[in-house]
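Enquirer: Residue numbers (mature numbering (1 follows the signal peptide of the UniProt record, and there is no 0)): -20 to -1, 1 to 123. Just so it is clear, CB atoms sit at the ideal spot from N, CA and C, and this is done for glycine as well. Computed from a predicted structure; not experimentally measured. Following this message is one structure expressed as structure tokens.
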């Protein structure tokens, strides 16, 4: 009896572990892309509103381990005036996407327009902005 219970327990734990690793598969491709678009829009609206805490909260865990929230907010000084999503592609379903954003920023009285490329990664059942390439920049705590 103990042997059957042990085998059954192992099977249940294995199934739970496997399904937890495949949570992204519960979304259809169109739902997954729609969720990503909403996340990208929310991040850029937060940038326009200078709500840098939201941008930080939408970043990948690896970035949050390297950069403290207060440091990120204190050093964020980009004045985003406008944005539009040019293109979003899911490169690796359930893992990685790339967004191209037309942005207009104002710095020192000058307007700049450019296309910004950003990477989004699937973590913990949602899309998160990968700011890791910026690590080592002004946002990182160097103490």
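By DSSP, does residue 28 sit in helix, in strand, or in coil?
Expert: Of the three classes helix, strand and coil, the one that applies to residue 28 here is helix, per DSSP.
Enquirer: Given residue 34, which residues of its chain have a CB within under 8 Å of its CB, disregarding the five upstream and five downstream residues?
Expert: Hits under 8 Å: 22, 23 and 26.
Enquirer: Does the structure place the stretch 77 to 91 close enough to the stretch 48 to 56 that three or more beta carbon pairs sit under 8 Å?
Expert: Touching, no.
Enquirer: Please classify residue 113: does DSSP put it in a helix, a strand, or coil?
Expert: Note: residue 113 maps to helix in three-state DSSP.
Enquirer: Given residue 59, which residues of its chain have a CB within under 7 Å of its CB, disregarding the five upstream and five downstream residues?
Expert: Answer for residue 59: 85, 86 and 87, listed in chain order.
Enquirer: What's the gap between the Cα of residue 110 and the Cα of residue 40?
Expert: About 5 Å.
Enquirer: Hey, residue 71 and residue 12 are a contact pair by Cβ (cut 8 Å); roughly how many whole angstroms apart?
Expert: That belief does not hold up - the Cβ atoms of residue 71 and residue 12 are roughly 12 Å apart, past 8 Å.
Enquirer: To the nearest angstrom, how far is the alpha carbon of residue 173 from that of residue 112?
Expert: Residue coverage of the chain in this structure runs from -20 to 123, which leaves residue 173 outside it and unanswerable.
Enquirer: Spatial neighbours of residue 64 within its chain, please: CB distance less than 6 Å, with the 5 preceding and 5 following residues excluded, ordered by chain position.
Expert: Once the five neighbours on either side are set aside, the close Cβ partners of residue 64 are 82.
Enquirer: Run the proximity test for residue 92: is its beta-carbon closer than 7 Å to any non-hydrogen atom belonging to the ligand GDP?
Expert: As far as ligands go, the structure on display features none, and thus does not contain the ligand GDP.
Enquirer: Can you find a C-beta in chain B that's less than 8 Å from the C-beta of residue 68?
Expert: Of the protein chains in the structure, only one exists, and it is not chain B.
Enquirer: How about residue 17 and residue 68: do their beta carbons lie closer than 8 Å?
Expert: Yes; because the gap between Cβ atoms is below 8 Å, this pair is in contact.
Enquirer: State the Cα-Cα distance for the pair residue 94 and residue 8, rounded to the nearest angstrom.
Expert: Each residue's Cα considered, the two are about 32 Å apart.
Enquirer: Give the DSSP bridge partners of residue 60, in chain order.
Expert: BP columns for residue 60 point to 85.
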